[in-house]
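Residue numbers (the numbering used here): 1 to 128.
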């Protein structure tokens with residue numbers, strides 16, 4: 001498959017990758033007849049702390065996973081860390097960026113990137 005996206009950072013493992021202060025979450029990129037679908041694991045991120053922006057053929061997804069100790073509690077062990085998630089992808093002309101949709105459900109973000117009409121296969125009638 002010729003990909004319609006170019007990740008800014010590529011990972012060789014399926015584990016989240018730490019770059020600067022962002023974590024790039026594990027994600028999949030699939031293709032259907034009408035769209036490309038990005039699915040990313042963003043546990044602990046709420047809809048209010050998640051942002052998806054398309055600008056200049058670039059899709060940027062950022063999210064914040066916060067954690068706060070219960071009121072009046074003192075942390076004795078702290079292994080749960082807040083994370084800032086980020087996925088940055090360069091889109092090409094095969095994506096209709098005006099119709100991109102995003103949905104967050106149970107810690108999984110699904111972004112549907114509809115194919116531009118010019119990118120869809122077109123059947124040509126044979127005459128004669």
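Think of the CB as a built atom: it goes at the ideal place given N, C-alpha and C, for glycine as much as any other residue.
So, helix, strand or coil for residue 98, using DSSP?
-> By 1-based counting over the chain shown, the position of residue 98 is 98. Note: residue 98 maps to helix in three-state DSSP.
Simplified DSSP state of residue 65, which is helix, strand or coil | On the chain shown, residue 65 is found 65 positions in, with the first residue counted as 1. DSSP places residue 65 in strand when its eight states are reduced to three.
Status (buried if at least 16 other CB within 10 Å, exposed otherwise) for residue 126 | As a working mapping, residue 126 is identified with position 126 in the chain shown. Exposed, by the Cβ-count rule.
Just curious, the beta strand (DSSP E) that residue 30 is in, first and last residue?
-> As a first step, residue 30 is located in the chain shown; it is residue number 30 there, counting from the start. It spans 27-31 - the beta strand (DSSP E) in which residue 30 sits, taken as one unbroken run.
What's the gap between the Cα of residue 116 and the Cα of residue 62?
-> Within the chain shown, the letter at position 116 stands for residue 116. Within the chain shown, the letter at position 62 stands for residue 62. When rounded, the distance between both Cα atoms is 24 Å.
Roughly how many whole angstroms lie between the Cα atoms of residue 68 and residue 88?
-> For this step, residue 68 is matched to residue 68 along the chain shown. For this step, residue 88 is matched to residue 88 along the chain shown. For residue 68 and residue 88, the distance between alpha carbons rounds to 27 Å.
CB-CB under 8 Å to residue 49, same chain, minus the five flanking residues each way: which ones, in chain order?
-> Taking the chain shown and counting its residues from 1, the one referred to as residue 49 is at position 49. Take residue 49, set aside five residues on each side of it, and the residues of its chain with a beta-carbon closer than 8 Å to its own are 63, 64, 65 and 66, in chain order.
In terms of residues, what are the limits of the beta strand (DSSP E) holding residue 83?
-> The residue you call residue 83 lines up with position 83 of the chain shown. Under the DSSP assignment, residue 83 falls in the beta strand (DSSP E) whose first and last residues are 83-91.
Nearest to residue 114 by alpha carbon, out of 25, 24 and 29?
-> In the chain shown, the residue the question calls residue 114 occupies position 114. Taking only the C-alpha atoms, the option nearest residue 114 is 29.
What's the gap between the Cα of residue 23 and the Cα of residue 83?
-> Start at 1 with the first residue of the chain shown, and residue 23 comes out as number 23. Start at 1 with the first residue of the chain shown, and residue 83 comes out as number 83. Taking the straight line from one Cα to the other gives about 7 Å.
Of the residues 112, 103 and 97, the one placed nearest residue 54, counting alpha carbons only = Along the chain shown, one-based indexing puts residue 54 at 54. Nearest C-alpha to residue 54: 97.
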